[in-house]
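Student: In my numbering, the protein residues as written are 132 to 282.
#1: Would residue 247 pass as a contact of residue 237 if the rule is Cβ separation under 7 Å?
#2: What are the uninterrupted segments assigned as beta strand (DSSP E) that are 3 or more residues long and contained completely in the segment 198-223, given in chain order?
#3: What residue from 266, 220, 252 has the CA that sits closest to residue 234's CA?
#4: Could you pull the start and end residues of the beta strand (DSSP E) that residue 228 belongs to?
#5: Report yes if the C-beta distance between residue 277 and residue 214 is below 7 Å; otherwise report no.
#6: Compare the C-alpha of residue 257 against each of 239, 267, 208, 275 and name the closest.
#7: Could you tell me the alpha carbon to alpha carbon distance between residue 143 and residue 192, rounded to whole angstroms?
#8: Taking the beta carbon of residue 239 as the centre, do at least 16 other beta carbons fall within 10 Å, making it buried, or is it exposed?
#9: Specify, as a first and last residue, the run of the alpha helix (DSSP H) that residue 187 falls within.
In structure tokens:
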């Protein structure tokens, strides 16, 4: 093995060590994506009621059903929310769920619940646009919803 081969072998080993140490570090500290998913069985879907549930003052659970080409419920109004837990599922194809102007942006898969927790700005009172950002068919561009924050 000549000198250049040894140098390149060392570079490859260093990159591999860096990759593996980064992976070990992220597992150690419990780094996960900001959303989670849960299996959505047909029995779960039968009991799934789209709408808003106030779990405690200021903490809302919003159940959303994504279908071609709309979200159910279409209009979501919340008073003084501190934390919003979105539980979203699809019954047909892959959809996107994005609250425009925020960091909420997830994919929604058929057969799974996508669970996202969002803490809206406490001084913000406005209407947020929710869009599907995954192409889901011919009328994809008409798939949107509204989230209204009242203070």
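Glycine included, every Cβ here is placed at the ideal spot set by N, Cα and C. Quick caveat, the model's predicted, so the values are computed rather than measured.
Tutor: With the structure as the only source:
#1: yes
#2: 201-203, 206-210, 214-221
#3: Residue 234 has its Cα closest to that of 252, out of 266, 220, 252.
#4: Residues 226-230.
#5: no
#6: 208
#7: 48 Å
#8: buried
#9: Segment 182-187 is the beta strand (DSSP E) holding residue 187; no alpha helix (DSSP H) there.
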